Amino acid sequence: MKYRFLILLFTLLVSTSHLYSQTASISGYVKDSSNKETLIGATIRIAGTKKGAQTNKDGYYVISNLKPGKYNLIFSYIGYEEYNKEITLKVNQDLRIDALLHTGSMTSEEISVYGDRNDDKVEISISKVNIPIQQIKEIRIGGESDIFRSLQLLPGVLTSSQISSGLYIRGGSPDQNLVLLDGSMVYNPTHLFGFISAFNTDAIKDVELIKGGFNAEYGGRLSSVLTLTQKDGNREEVEGLFSVGAISSKLALEGPIGNGSWFIGGRRTYFELIKAFLSDDPLNPIPDFNFYDVNAKITQDFGDNDKIAISGFYSKDNLDYDAGNINFNLGISNRLGSARWTHIFNPQLFSTVNLSTSQYINGFDADNSGYKVLQENIITDYTIKHTLDWFHSEEITTKYGYEVNFYEFDYLANFTGSTDSTAEGSGAGRTNLHFTDRNYAAFAQAKWQINTPLSAQFGLRGNYFEFADQAAVEPRIALKYYLQPDVAIKASWGIYHQNLKLATLQDFSFFDTWLGTDSSLNIGKSIHYILSLETEPWDGYDLNVDVYYKSLENINEIRRVVLQIDNGADVLYEGKGEAFGAELFIQKKIGDFTGWFGYGLGFINAQYDSLNSGRYFRPKFDRRHDIKGVIQYKIDENWDVGANFTFQSGQSYTGQTSRFQLQLEGETNGRGKTVPSQRYGLRLPPSHQLNLNGSYKFKAFGYDAKILLDIYNVYNRRDIWFRFYNVNEETTTVEDFRLLPIIPTFSFEIKF
């Protein structure tokens, strides 16, 4: 079957060469007229026909295999005015048209955050979500606009708690999400130990989440793909944006340089200033904490066919606690850099070469009355990825590529009482390991408009994981069929593998450790089955219904007690699982009143031979029901108000079912002991929350300014974060650690 698929794919690609004769093509970039920033996902249609295209991640489009003659092109993009252009094509002409779009009212244009961004019937991506960055900025929670928290308002995207920005997507844990920033992998995409995401919304121009069934271009993860694209910068003039919020302050600057642009932006917390106004107990002091991040990018054009973009990202979290005899320090950082070269060989052949590096550092040291402990984890990767987009015709497009990852892993743990440990290897209370890994991957995929109602995408990805000495073949297929002009069904099936493992305590993410898969562990594997229905039940409304099933093999949980580490199996248990469910999403996307409603039903089962007596159990992040709602209303040109609401079934936890008294020889009263429940066999009460936001635009010193007011947790519902049992000699009491109360926040921003 596998070889038949390869033969079919090869035949499909080769048989299209005749399509070039006696035809013409249109290609180019779609840009914002005010700053020349390229627009990702813009729609290009030919009036009176079903022909069209969509711009790629670089803002490039092509419509090929056109007969000579006159055409009317229509360019459109979310929040921009339509642009029409009449053209005349000659035989074998390759016409270059770069379109400049003018911004308009977002409420008067389509605002589609779910599924396809255009009406192109060749587009068959499934479970794909695009939220315009401007809308993310308007959905503020706790006074901060946040990419991850906005994504959490979609069905099927769950959280471990209301103060966590971690993404649990369709039964997958956060480490099963491939997070890419300008092509660089991000290993710790959060600040504040998961409270907010690491990405400054002022530095990002495009956000795309694929919740499952992603195509053959992406690999190395079991669950989903999140791609973020940084702003290129203003090519026309220097401008800036400064804001002061409840948690952090931000500054962004951008402008033209040569034949391109530059951008730099940063943000930082000021908890030190807040702490100065709080009373501090020397025996129980308030920790010193701060985080900051910096985004930078420079882009240059070299003629009409070449562009190079160099970008970087750095983030750092610091936590210091000093209580006399007891003190500890924790530092977490990301360091990313990438260089991207795009080249147009001809209008139908588009090349992208991406060189990137990413480093994640997590370090912890503590001193308890002179007894010192030290723990540090570093993962460094260097990646080269090359892709070729071949636009054969409107009916057939193909994509090929390869990817090579070079990994370095460093892990240091010293619990001997002294942090002076440099010898490699393991010993009692000390581990110092260094190892490398290489992953090789190649892929090919073809998108084919078979006939008017039916289109298909075939893909094949091959992987070789050197450290594990394992190879994996990943066939993938997606189909789309129109039952009616406005009703389509989609189906997707694919195989996925993951070699990187994350050792983490799900209760807290203070110290997450990334590991490669060695010979003691198996490569993770998942098979996705997805069925989707898309329709427009009323004018201006979109409805999506997804049903999915996902098998999980060779997944992992951390061993709570590890005395010595020689290989991966000393740190992780290995098991299997499954996730299945359904999602409903309805969205109003035009008018002054916009928003969406989503409902998700999900089931997760996991099984480990060494846990829960080998019986299946529900993981901690299993939540049966989730209900999400978002409302935004534009009162006039200056006033905007909005609200968002979430309801989730309570998370599962391991509780205590009974107690007994253990009295050893020589003891008078004995000690109280409890009997635990089945692993994650109990469930906390449901969690729900309502947040309100509003903004007012005005002029300050001649510049555009905005005041923002937000109310977090409007009706003061303090949900349970976790539950613990306080056992003493006589009684056992249940104590709940609750989350944040109602918090009003005020923010201000000015654009100059």
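Counting from 80, one number per residue, gives the positions in the sequence shown under my numbering.
Note that the Cβ used here is the ideal one computed from N, Cα and C, for glycine as well.
These figures come from a predicted structure and were not determined experimentally.
- prompt: Do you know whose CA, among E632, I123, T238, A402, lies nearest S766's CA?
  reply: T238
task: For the beta strand (DSSP E) containing I157, list its first residue and its last residue.
output: Per DSSP, I157 belongs to no beta strand (DSSP E) and is neither H nor E.
- prompt: How long is the line joining the alpha carbons of K310 and K284, rounded to whole angstroms?
  reply: Their Cα atoms are separated by approximately 5 Å.
- prompt: Are there 16 or more other CB atoms within 10 angstroms of the CB of T515, so buried, or fewer, so exposed?
  reply: Label assigned to T515: exposed.
- request: Tell me whether P253 sits in a helix, a strand or coil according to DSSP, three-state version.
  value: helix
- prompt: So, using beta-carbon positions, are D460 and Y486 closer together than 8 Å?
  reply: yes
Start-to-end residues for the alpha helix (DSSP H) that takes in E217: Under the DSSP assignment, E217 falls in the alpha helix (DSSP H) whose first and last residues are 212 to 217.
message: Here's a check: name, in chain order, each residue in its chain whose Cβ is nearer than 8 Å to the Cβ of R797, leaving out the five neighbours to either side.
response: Taken in chain order, the residues that qualify are R817, L818, L819, P820.
query: Roughly how many angstroms separate the alpha carbons of V236 and P698, rounded to a whole number?
result: Straight-line Cα distance between these residues: approximately 15 Å.
query: Residue range of the beta strand (DSSP E) that R419 falls in?
result: 405 to 425
task: Sort I387, E716, Q231, N684 by Cα distance to K785 and report the nearest one.
output: E716
message: Mapping the DSSP letters down to three states, classify R228 as helix, strand or coil.
response: helix
message: Would D281 and G344 be called neighbours here (beta carbons separated by less than 8 Å)?
response: Contact annotation: D281 and G344 have beta-carbon atoms nearer than 8 Å.
query: K290: buried (16+ other C-beta within 10 angstroms of its C-beta) or exposed?
result: When all chains shown are included, K290 counts as buried.
- request: Give me the Cα-Cα distance between K146 and Q172, rounded to the nearest whole angstrom.
  value: 10 Å
Cross-strand partners of P823 (DSSP beta bridge): I790
message: I need the boundaries of the beta strand (DSSP E) containing L307, first residue and last residue.
response: 303 to 309
- prompt: What whole-angstrom Cβ distance do T753 and Y804 have, given they're in contact under 8 Å?
  reply: 6 Å
field: Neighbourhood of G504 by C-beta distance below 6 Å, restricted to the same chain and skipping five residues each side
entry: Any reading at G504 needs caution, since the residue's pLDDT is 48, under 50, leaving its predicted position unreliable; the model's value is listed next. Result list for G504: empty, nothing under 6 Å.
task: Helix, strand or coil for E116, going by three-state DSSP, please let me know.
output: Under the three-state reduction of DSSP, E116 is assigned to coil, being neither helix nor strand.
- prompt: With a cut-off of 8 Å, do at least 3 Cβ pairs link the region 644 to 652 to the region 252 to 270?
  reply: no
message: If we require 4 or more residues per run, which alpha helix (DSSP H) segments fall completely within the region 308 to 382?
response: 350 to 355
Straight-line Cα distance separating A375 from N413: 14 Å
- prompt: Once you ignore the five residues that flank G183 on each side, which residues in its own chain have a CB closer than 7 Å to its CB?
  reply: G158, Y159, E160
Inter-residue spacing [alpha-carbon to alpha-carbon] between K395 and D367: If you take the alpha carbons of K395 and D367, they lie about 14 Å apart.
query: Of the residues W675, S689, V626, Y678, which one's Cα is nearest the Cα of A658?
result: V626
query: DSSP puts P755 in a beta bridge; with which residues?
result: Q735
field: Beta-bridge pairing of L288 - partner residues as DSSP gives them
entry: BP columns for L288 point to V208, L305.
- request: Determine which residues share a DSSP beta bridge with P234 and list them.
  value: According to DSSP, which records beta bridges pairwise, P234 is partnered with nothing at all.
message: Is it buried or exposed, F780, if we count other Cβ atoms within 10 angstroms and call 16 or more buried?
response: Exposed is the call here.
- prompt: So who's on the other strand from T269, going by DSSP bridges?
  reply: Per DSSP, S276.
message: Does the structure place the region 400 to 412 close enough to the region 372 to 391 that three or more beta carbon pairs sit under 8 Å?
response: No: the two stretches stay apart, fewer than three of their Cβ pairs being nearer than 8 Å.
query: Looking only at C-alpha atoms, which of R228, T810, Y349, Y400 sits nearest to S737?
result: T810
- prompt: Across which residues does DSSP place A685 in a beta bridge pair?
  reply: G656, F696
task: List the endpoints of the continuous beta strand (DSSP E) containing Q730.
output: Note, Q730: premise wrong, no beta strand (DSSP E); not H, not E.
task: State the Cα-Cα distance for the pair F726 and Y794, rounded to the nearest angstrom.
output: 14 Å
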